[in-house]
Amino acid sequence: MDISLFEWGQFITLLMVAFALGMDAFSLSVGVGMVGIRLRDVLKVSVTIGLFHLGMPLVGILVGMYLSELIGNAAIFISGVIMMAIGMHMLWNGFRTEERSILYTQSVGLFLFAFSVSVDSLTVGFSLGLIAVNKLLAVCLFGMMGCLLTGFGLLLGRSMAGWLGEYSEILGGLILFVFGLKFMF
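Sequential numbering of the sequence shown, starting at 438, is according to the numbering used here.
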C-alpha cells in the first residue's frame, strides 16, 4: 500500500493535535488520581474520557463553522467553571473526616469530568469541519489518545497519593481548581 507524503503529514499532524488534547486530560487526571482511585475506576474513567474525546470533535465537525466562534469562547469558560467546581468539591472532601464516595468516578461526576476535559475537542472539531482532513482518523486518534493519557495520568496520580497520604485529595483539588482558573482566564 502506497501512502503519499501528504497522508503521512496529515497523520503526524493529527497525532500531535490528539496528543495536545490528551495532555489536558492527562494533567487533570493526575489530580483526580491522587484521591486513591481504584484500578477498575481507572479503566472506567479512561474509557469514558476516550469516548468523549471521540464524540465531542465529531459533534463539532457536524455542527460546523457558524457556531464555532460563539461556542469557542464560552466552551473554555464553561470548562473552567466545571473544573473549579470539581476542585472545590475535592478540597472540601479533603478537609472532611467521614467516609465519602468519590464524585469523579460515579455517574454525574464522571460525566462532568469527562465533558470538561473534552470541551476543547469540540472546538477542534469545529475547525476540522472546515478543512479537507481525514475526519474518521482524527476522531479515532483523539479518542485513543484521550483514553491512554487519562489512564496514565490517573495511575501516576494514584501512585503519588501513596507519597502524600491524606493530603493527596487536597493537592488534587488544588490542581483542578488552578486548571479551572487557567481555563477561565
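Heads up, the beta-carbon is just placed ideally off N, CA and C, and yes, glycines get one too.
All figures in this text were calculated on a predicted structure; none of them were measured in a lab.
Rounded separation between residue i and residue j - CA only
| i | j | result |
| --- | --- | --- |
| V545 | A462 | 18 Å |
| L591 | L476 | 9 Å |
| V570 | F552 | 24 Å |
| L633 | I607 | Given that the chain is displayed from residue 438 to residue 622, the structure contains no residue 633 and the question cannot be resolved. |
| M502 | R533 | Annotation note: pLDDT 47 at M502 (below 50); position unreliable, coordinate value reported separately. When rounded, the distance between both Cα atoms is 46 Å. |
| S564 | V554 | 18 Å |
| V479 | F489 | 15 Å |
| V500 | I568 | 14 Å |
| G566 | I474 | 37 Å |
Cβ pair residue i, residue j closer than 8 Å
| i | j | result |
| --- | --- | --- |
| A598 | M493 | no |
| V561 | V454 | yes |
| S483 | C584 | yes |
| G459 | G594 | no |
| G580 | L452 | no |
| R619 | I498 | For the record, residue 619 in the displayed sequence is Lys; it is not Arg. Not a contact, by the Cβ cut-off of 8 Å. |
| G446 | G524 | no |
| V518 | M621 | yes |
| L559 | V496 | yes |
| L547 | F448 | no |
For residue i, three-class secondary structure by DSSP
| i | result |
| --- | --- |
| M581 | helix |
| F552 | helix |
| I612 | helix |
| V691 | With the chain represented from 438 up to 622, any question about residue 691 goes unanswered, as that position is not in the structure. |
| G473 | coil |
| Q543 | coil |
| F622 | coil |
| R595 | helix |
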